[in-house]
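Novice: Chains as they are written, first to last, in the numbering used here: chain A, 34 to 344; chain B, 75 to 294. Beta carbons: idealized from backbone N, C-alpha and C, even for Gly.
Here's what the structure looks like:
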């Protein structure tokens, strides 16, 4: 596995270095003061350096590192989500429970590989008990809106995100001890697809995909991004249990889900009247701005691998 | 007040302030938005909306270590002076200035106490509503302390600061904070105009602070 990880890290360093050099050349040639697009591009690339560094460190700590890292990502994402929703004073205990009980328990289930409870703890027990607690408080003002927002917040930020470290619990024959690479594959392909969609969109984007939801998404960006990300997936098949065509197909499905995740996140932001979820990552916005695609891709990727590749 | 050593920022206070600022960041990801004023070690009175005990922690977390060392929150003596433990937390750990709203003796005069802090070159955090706002109103009417201080020390800058979301993080009567993102918006300085009446000034300062709320349509 060390061999594959080294290749991935070298590859990422090469891509980031190229990106930084290109951005520096563009900035040096561009008229001053720099356009906001160029400033943002440099900020984004710098943030990628930090994110890749953090992921690499977490990788070296293996199962511990991944479980803790994604629990923290859930925390940051849930905080951003709840901040945007309407909450009332009577929601205090439910909100505390989301951060203090649901996140730790869900990640404990990931850690202990208790699959049966992992898949139903949030959609069955939390989804039934959270509105019950809210009802017991007796505050019915905007009740349905509040409980719906709380459930969707937990679904997106905790349940979906926790499927990334849960990949480590899958037992793929002939792939024992190498499941960390599944996480690397998923993240590189899905985040790569975001970047490639951004690049294709900036270079060739003409036809808006959905002007009402997200003005920056174009058909050219979508198609260019998905095709190239699928090729990237095929290229990375050597770190997976998939053959190259299988890897391309899995990458295509994951990245399509990722695109839909970005679209849904944009619709929520538009509804709430904000541009970004938060301000945690310079140039990108909040944690949810960076993970919206991963959130939709992770559970589907998890179940594809589980259904077709485990015994 | 006399036990409070205003000239030395003790080790205890430094540790407390760094610790609380770190905690504030972990829970709320607090971020200052400088909209009309800039960070400065000039002597200032920061005046803010008040909904939670955590308000001044959030506000001081937005200041630099150097500014924090000379900035004191004005707190209610009726509450924080009640027991020795509370007084220790307020005065020795948080280096707050305690004032009694129902004062009788001349040495308890709140304005005099606050002026004596200003005269040492230090800054204040003041909540001119006088109490935590638990109503549906976004901001209660101001008490006159802000006006009196500004008339007595016109050279001190009055900076309006809108603290966002804190009423949701730590509602009254709750002990555990819910992690939600908070911002503190620092506005342009306000000063008493030539010949401006007390009431007119307080209403103008009130409106200036209220106008800083970044999301007035959804303050819930």
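(1) Please identify, using Cβ separations under 7 Å, the residues of the stretch 124-139 of chain A that lie next to chain B, in order along the chain.
(2) When we look at the beta-carbon of residue 55(A) and count the other beta-carbons within 10 Å, is it buried (16 or more) or exposed?
(3) Report the rounded CA-to-CA distance for residue 72(A) versus residue 251(A), giving the unit in angstroms.
(4) Applying the 10 Å Cβ sphere with the 16-neighbour rule, what's the burial state of residue 134(B)?
(5) Could you please give me the residues that DSSP links to residue 198(B) through a beta bridge?
(6) From residue 105(A) to residue 265(A), what distance separates their C-alpha atoms?
(7) Give a yes or no on whether the C-beta atoms belonging to residue 201(A) and residue 143(A) are separated by under 9 Å.
(8) Less than 9 Å between the beta carbons of residue 136(B) and residue 106(B), yes or no?
(9) Report yes if the CB atom of residue 108(A) is closer than 9 Å to the CB atom of residue 321(A), and no otherwise.
(10) Taking the alpha-carbon positions, what's the residue 40(A) to residue 299(A) distance?
(11) Which residues of chain B have a Cβ atom closer than 8 Å to the Cβ of residue 311(A), listed in chain order?
(12) Less than 9 Å between CB atoms is the rule here; does residue 116(A) satisfy it with respect to chain B?
(13) Counting only runs of 4+ residues fully inside the stretch 217-279 of chain B, write out the alpha helix (DSSP H) ranges in chain order.
(14) For residue 171(B), list the residues DSSP reports as bridge partners.
(15) Less than 6 Å between C-beta atoms, sequence neighbours within five positions excluded: which residues of the same chain meet that for residue 204(A)?
(16) Closer than 8 Å by beta-carbon distance: list the chain B residues that pair up with residue 112(A), in chain order.
(17) Helix, strand or coil for residue 167(A), going by three-state DSSP, please let me know.
(18) What number of angstroms, rounded off, separates the C-alpha of residue 101(B) from the C-alpha of residue 132(B)?
(19) Closer than 7 Å by beta-carbon distance: list the chain A residues that pair up with residue 250(B), in chain order.
(20) Between residue 122(A) and chain B, is any beta-carbon pair separated by less than 9 Å?
(21) Which runs of the alpha helix (DSSP H) spanning at least 4 residues fall entirely within the stretch 131-184 of chain A, listed in chain order?
Specialist: On the basis of the supplied data:
(1) Within the stretch 124-139 of chain A, 125, 128, 129 and 132 place their CB atoms closer than 7 Å to a CB of chain B, listed in sequence order.
(2) Exposed.
(3) Taking C-alpha positions only, residue 72(A) is separated from residue 251(A) by approximately 22 Å.
(4) Under this definition residue 134(B) is a buried residue.
(5) DSSP, once it has assigned bridges, lists 119(B) and 146(B) as partnering residue 198(B).
(6) It is roughly 28 Å from the alpha-carbon of residue 105(A) to the alpha-carbon of residue 265(A).
(7) Their beta carbons are under 9 Å apart, which means residue 201(A) touches residue 143(A) by this criterion.
(8) Yes, the pair counts as a contact, with Cβ atoms nearer than the cut-off.
(9) The Cβ atoms of residue 108(A) and residue 321(A) do not sit closer than 9 Å to each other.
(10) Answer to the nearest angstrom: the Cα atoms are 34 Å apart.
(11) Near residue 311(A) (Cβ distances below 8 Å), the residues of chain B are 103 and 255.
(12) It does: the Cβ of residue 116(A) has a partner Cβ on chain B nearer than 9 Å.
(13) Counting whole runs of 4 or more residues, the stretch 217-279 of chain B contains the alpha helix (DSSP H) stretches 219-226 and 240-243.
(14) BP columns for residue 171(B) point to 148(B).
(15) Within the same chain, Cβ atoms closer than 6 Å to the Cβ of residue 204(A) are found at 343, the five residues on either side in sequence being excluded.
(16) Contact of residue 112(A) with chain B by beta-carbon distance below 8 Å involves 103, 253, 254 and 255.
(17) Helix.
(18) Straight across, the Cα-Cα distance linking residue 101(B) with residue 132(B) is about 10 Å.
(19) Per Cβ cutoff of 7 Å: 129.
(20) Closer than 9 Å: yes.
(21) List check, alpha helix (DSSP H) in window: 136-145, 148-153 and 160-169.
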